[in-house]
Amino acid sequence: MHKDILLVEDNPDDVELTRIAFDEAKIANNLVVVGDGAEALDYLFARGAYAGRDAHDLPSIVLLDLNLPKVDGREVLQAIRANDTTRTLPVVVLTTSTEPFDVEASYALGVNSYIQKPVDFEQFVWAVKQVGLYWLVLNHPRT
16 MHKDILLVED NPDDVELTRI AFDEAKIANN LVVVGDGAEA LDYLFARGAY
66 AGRDAHDLPS IVLLDLNLPK VDGREVLQAI RANDTTRTLP VVVLTTSTEP
116 FDVEASYALG VNSYIQKPVD FEQFVWAVKQ VGLYWLVLNH PRT
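Residue numbers (the numbering used here): 16 to 158.
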């Protein structure tokens with residue numbers, strides 16, 4: 016059984032491009048999309064609208080935008096790493112930011128990988144396929 020992928024993204028166009036890229040890469044995992052950092056934390060920690068969810072049934076990976084409404088991606092990452100249940104959850108930042116500060120801050124907070132979203136559609140699809148291939152097929156997660 017394939018575990019869900021959590022996509023934390025507020026841009027509907029980027030959500031759709033990610034769906035297309037995963038389809039083209041034949042990634043069978045269900046893509047759960049949340050539009051802001053607060054909703055991402057509610058999903059991961061099974062609170063609010065997600066209170067009925069099993070908090071131990073974690074996604075296989077979190078694809079996290081940095082610039083989010085309500086709670087930004089850095090704060091989401093910090094909360095993930097501060098919690099015993101989610102501490103080792105693979106998190107890949109997928110963002111438009113090229114700021115060296117964002118890269119450094121993300122790694123300091125414990126991100127597994129930092130990927131700048133390509134502007135070109137084909138490059139974006141290629142990048143998302145590579146993320147899926149590595150994290151869902153090649154990588155051996157902790158159990």
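Yeah, the Cβ is synthetic: ideal placement off N, Cα and C, and Gly gets one too.
Those residues which DSSP pairs with residue i across a bridge
i      : result
Leu121 : The displayed chain sequence assigns Ser, not Leu, to residue 121. Partner(s): none; Ser121 has no beta bridge.
Leu22  : Val48 and Leu78
Gln138 : Gln138 pairs with nothing; no bridge assigned.
Gln93  : Paired residues: none, contrary to the question.
Gln131 : Thr110
Closest residue to residue i among the options (Cα-Cα distance)
i      : options                         : result
Ser121 : Glu31, Gly88, Leu83 and Val23   : Gly88
Gly50  : Gly63, Val86, Ala61 and Asp72   : Val86
Asn127 : Phe139, Val146 and Asp135       : Val146
Glu137 : Ile20, Val23, Glu39 and Lys18   : Glu39
Thr100 : Val107, Thr111 and Ala70        : Ala70
Pro27  : Leu109, Gly63 and Val48         : Val48
Val134 : Leu109, Val118, Ala61 and Ala55 : Leu109
Pro105 : Ala64, Val30, Ala66 and Val91   : Val91
Arg68  : Leu79, Ala94 and Ala55          : Ala55
Asp25  : Asn98, Pro84, Gln93 and Thr103  : Pro84
Host beta strand (DSSP E) of residue i (start-end)
i      : result
Thr110 : Val106 to Thr110
Leu78  : Ile76 to Leu79
Leu46  : Leu46 to Val49
Any non-hydrogen atom of the ligand HEM closer than 7 Å to residue i Cβ
i     : result
Ala55 : In the structure shown, the ligand HEM is absent, as is every other ligand, since no ligand is present at all.
Residue i, DSSP secondary structure in three states
i      : result
Val126 : coil
Ala66  : coil
Phe116 : helix
Ala61  : coil
Lys144 : helix
Leu56  : helix
Terminal residues of the alpha helix (DSSP H) in which residue i lies
i     : result
Arg34 : Pro27 to Glu39
Supposed close pair residue i, residue j - CB separation, criterion 8 Å
i      : j     : result
Ile42  : Ile76 : Incorrect: roughly 11 Å between the Cβ atoms, too far for contact.
Lys132 : Asp29 : 7 Å
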